[in-house]
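Protein chains in written order, with the numbering used here: chain R, 1123 to 1237; chain B, -17 to 96.
Everything below concerns the one structure shown next.
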Amino acid sequence: EPEVTQTPSHQVTQMGQEVILRCVPISNHLYFYWYRQILGQKVEFLVSFYNNEISEKSEIFDDQFSVERPDGSNFTLKIRSTKLEDSAMYFCASKESGVRDYEQYFGPGTRLTVT
Amino acid sequence: ILNVEQSPQSLHVQEGDSTNFTCSFPSSNFYALHWYRWETAKSPEALFVMTLNGDEKKKGRISATLNTKEGYSYLYIKGSQPEDSATYLCAFAYSGAGSYQLTFGKGTKLSVIP
Chain R
1123 EPEVTQTPSH QVTQMGQEVI LRCVPISNHL YFYWYRQILG QKVEFLVSFY
1173 NNEISEKSEI FDDQFSVERP DGSNFTLKIR STKLEDSAMY FCASKESGVR
1223 DYEQYFGPGT RLTVT
Chain B
-17 ILNVEQSPQS LHVQEGDSTN FTCSFPSSNF YALHWYRWET AKSPEALFVM
33 TLNGDEKKKG RISATLNTKE GYSYLYIKGS QPEDSATYLC AFAYSGAGSY
83 QLTFGKGTKL SVIP
């Protein structure tokens, strides 16, 4: 069964460093998302991407964040200068269609630790 | 601000017991309600997408109901097994979200004791 994959599973970085989190969505999907979960808190929406551009973003997704779909298969989240509060589990998700009863499929997440 | 609440936060049940938990969400601008099953270090697994008031869905021993007018959904597990131990997440999509992004509850952590 097709699945969303994410790499790396765990990334440790120092404050101020840039990180890139990678995702390979399911191949025929059209909508792509990043979410994050800070330990002990709810999963929060960061950004959605459709038709090669950002379609919506939350207030969390500030200028330090960017997303890209560089080659038609990968979907990346870049954090330019990490802060301690960026430590979280980051999930990528994809959805085949805009039809309301279609599932969003999630990857296993990348745990980002900023020291 | 959209608020999705789940209760209880956690529960322990004996193998063979049936259980249920609740998700409450805003009753206005409803679009869809998703249930996920999430085991640590794995991808959240999609269980159900529910869109119509009165919807009931079933997958094996797990079923869910939806009441969009009062803003709640129940997830039921019949005859719990140890492999049902996981965190169950509900997530709400509202009709103003152009890209159908989800707003999550905090989850209900279920532990099934053999």
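Virtual Cβ for every residue (Gly too), placed ideally from N, Cα, C.
Residue 65 of chain B, DSSP secondary structure in three states: helix
Own chain, CB closer than 7 Å to residue 1236 of chain R, minus 5 neighbours either side, in chain order: 1135, 1137, 1204, 1205, 1206, 1208, 1209
Counting only Cβ pairs nearer than 8 Å, list the residues of chain R close to residue 88 of chain B. 1163, 1164
Contact set between the segment 1204 to 1223 of chain R and chain B, restricted to residues whose Cβ is under 9 Å from the partner: Under the 9 Å Cβ criterion, the segment 1204 to 1223 of chain R contributes 1213, 1215, 1217, 1220, 1222, 1223.
Helix or strand or just coil, what does DSSP make of residue 1207 of chain R? helix
Which chain R residues sit within Cβ distance under 7 Å of residue 26 of chain B? 1228
Hey, quick one: how far does the beta strand (DSSP E) through residue 39 of chain B stretch, first residue to last? 38 to 41
Does the count of Cβ pairs from the segment 27 to 47 of chain B and the segment 81 to 95 of chain B closer than 8 Å reach three? no
Is DSSP giving residue 1216 of chain R helix, strand or coil here? strand
Since residue 33 of chain B meets chain D, which of its residues come closer than 7 Å, beta carbon to beta carbon? Protein chains R and B are contained in the structure displayed, whereas chain D is not.
Out of R:1164, R:1193, R:1197, R:1160, which has the shortest C-alpha to C-alpha gap to residue 1143 of chain R? R:1197
Looking at C-alpha atoms only, which residue of B:45, B:73, B:-4 is the closest neighbour of residue 1226 of chain R? Of the listed residues, the one whose Cα sits closest to residue 1226 of chain R is B:73.
Length of the line joining the Cα atoms of residue 22 of chain B and residue 1133 of chain R: 17 Å
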